[in-house]
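> Residue numbers for the sequence shown follow the working numbering, beginning at 98 and rising by one. All residues carry an ideal CB built from backbone N, CA and C; glycine is no exception.
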Amino acid sequence: MAVGVFDSGLGGLTVLDALEKRLPDVPFVYYGDNAHAPYGVRDADDIFNLTCAAVERIWAEGCDLVILACNTASAAALKRMQETWIPPNKRVLGVFVPLIEALTERNWGDNSPPREVEVKHAALFATPATVRSRAFQRELAFRAIGVDVEAQACGGVVDAIEDGDLILAEALVRSHVDALLRKMPHPDAAVLGCTHYPLMEHVFRDALGPEVSVYSQPNLVASSLEDYLKRRPEMLGSGTQRKFLTTGDPKRVSSRATQFMRRSITFESA
Ligand code: DGL
98 MAVGVFDSGL
108 GGLTVLDALE
118 KRLPDVPFVY
128 YGDNAHAPYG
138 VRDADDIFNL
148 TCAAVERIWA
158 EGCDLVILAC
168 NTASAAALKR
178 MQETWIPPNK
188 RVLGVFVPLI
198 EALTERNWGD
208 NSPPREVEVK
218 HAALFATPAT
228 VRSRAFQREL
238 AFRAIGVDVE
248 AQACGGVVDA
258 IEDGDLILAE
268 ALVRSHVDAL
278 LRKMPHPDAA
288 VLGCTHYPLM
298 EHVFRDALGP
308 EVSVYSQPNL
318 VASSLEDYLK
328 RRPEMLGSGT
338 QRKFLTTGDP
348 KRVSSRATQF
358 MRRSITFESA
């Protein structure tokens, strides 16, 4: 009954953590493509090919359902995967839709026409590839009207986090928030559109100030998956083993993961 969780690196552990808390009986197979991170500076074809290779490897662990925790893969590759590549007995779901449903006060599967919502000025913090894809604006436009979106590509933050340099990551987050606030001085909502950013959530909140509602994905994705599995229990695969796979150096990745999540995590080679 295993479910797969994919990320380009370690950031998806923030999503995995929320999933394991919400669904303690489900064995999750986590796959971090650390050898190829960051994805945020790659082109769409590259992200598509790497994500497909990772998802195939996760399917081999008996997971018919894979969550793309990675926003960059969700934004740049998922639509193409769903339209051209995923066989009918498998599912791959992304992380943008649960976030946008929360922002637009919708329940899952509410396909009514776009309407006005409370949020009027939304700031999106994401990787360069996610910002370039405009997937966030596209999904938002299906559900809401009159929301002004200002996107900030947060170059360097993912590399700093993957390298364990949290001081640099904090400095970069503060400068990206400054840059965003120069373009949009009074956002009422801010979306942390990258799996790595919850590790810096306190810095985003501090730099944005108390007036801004911060939307962070892990809990939103967990409640959305819980809901999905209630409706589609047959998508729990045949796997029984919880696992952490990486394309990087398992020793180095395990030690970083343990540092970030403050619990012991042991990766094996993918
Ligand atoms: N984990 C990816 C995301 O959520 C970003 C990291 C990367 O650039 O690889 O967008």
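Residue range of the alpha helix (DSSP H) that Ile164 falls in?
Careful: Ile164 lies outside any alpha helix (DSSP H), inside the beta strand (DSSP E) at Leu162 to Leu165.
> Could you name the residues that DSSP lists as bridge partners for Pro128?
In the sequence as presented, Pro is not what sits at residue 128; that position holds Tyr. Looking at the DSSP assignment, Tyr128 forms a beta bridge with Phe103 and Leu342.
> With a 10 Å radius around its C-beta and 16 neighbouring C-beta atoms as the bar for buried, classify His293 as buried or exposed.
Result: buried.
> Alpha carbon to alpha carbon, what distance is there between Thr201 and Glu215?
Whole-angstrom Cα-Cα distance: 8 Å.
> From what residue to what residue does the beta strand (DSSP E) around His299 run?
No beta strand (DSSP E) contains His299, which is instead part of the alpha helix (DSSP H) from Glu298 to Leu305.
> Using the rule of at least 16 other Cβ atoms within 10 Å of the residue's Cβ for burial, across every protein chain shown, is Pro121 buried or exposed?
Burial call: exposed.
> With distances taken Cα to Cα, identify the nearest neighbour of Phe301 among Ser171, Val244 and Gln249.
Measuring from the Cα of Phe301, the nearest candidate turns out to be Gln249.
> Which same chain residues end up closer than 8 Å to His283 when comparing Cβ atoms and leaving out the 5 residues on each side of it in sequence?
Within the same chain, His283 has close Cβ partners His218 and Glu308.
> Give a yes or no on whether the C-beta atoms belonging to Val102 and Gly108 are separated by under 8 Å.
No, they are not a contact pair.
> Three-state secondary structure (DSSP) at Ser361?
In the structure shown, Ser361 sits in coil (DSSP, three-state: anything other than H, G, I, E or B).
> Can you list, in chain order, the residues of its chain whose CB lies under 8 Å from that of Trp182, leaving out five sequence neighbours each side?
Closer than 8 Å at the Cβ level, and outside the excluded window around Trp182, lie Cys149.
> So the beta strand (DSSP E) Val112 belongs to, where does it begin and stop?
Careful: Val112 lies outside any beta strand (DSSP E), inside the alpha helix (DSSP H) at Leu110 to Arg119.
> Does ligand 1 have a heavy atom nearer than 7 Å to the CB of Tyr312?
Tyr312: no, Cβ never under 7 Å from ligand 1.
> My guess is that Ile144 and Ala173 are in contact by the Cβ rule of under 8 Å, so how many angstroms apart are they, rounded?
Confirmed, about 4 Å.
> So that I know if they touch, is there some Cβ in chain B lying closer than 8 Å to that of Ile155?
The question asks about chain B, but that chain is absent: this structure has only one protein chain.
> Leaving out five residues before and five after Ile155 in sequence, what residues of the same chain have Cβ atoms less than 7 Å from its Cβ?
The residues are Gly101, Phe103, Val126, Tyr128 and Val163.
> What number of angstroms, rounded off, separates the C-alpha of Ala157 from the C-alpha of Thr169?
Their backbone Cα atoms lie some 23 Å apart in a straight line.
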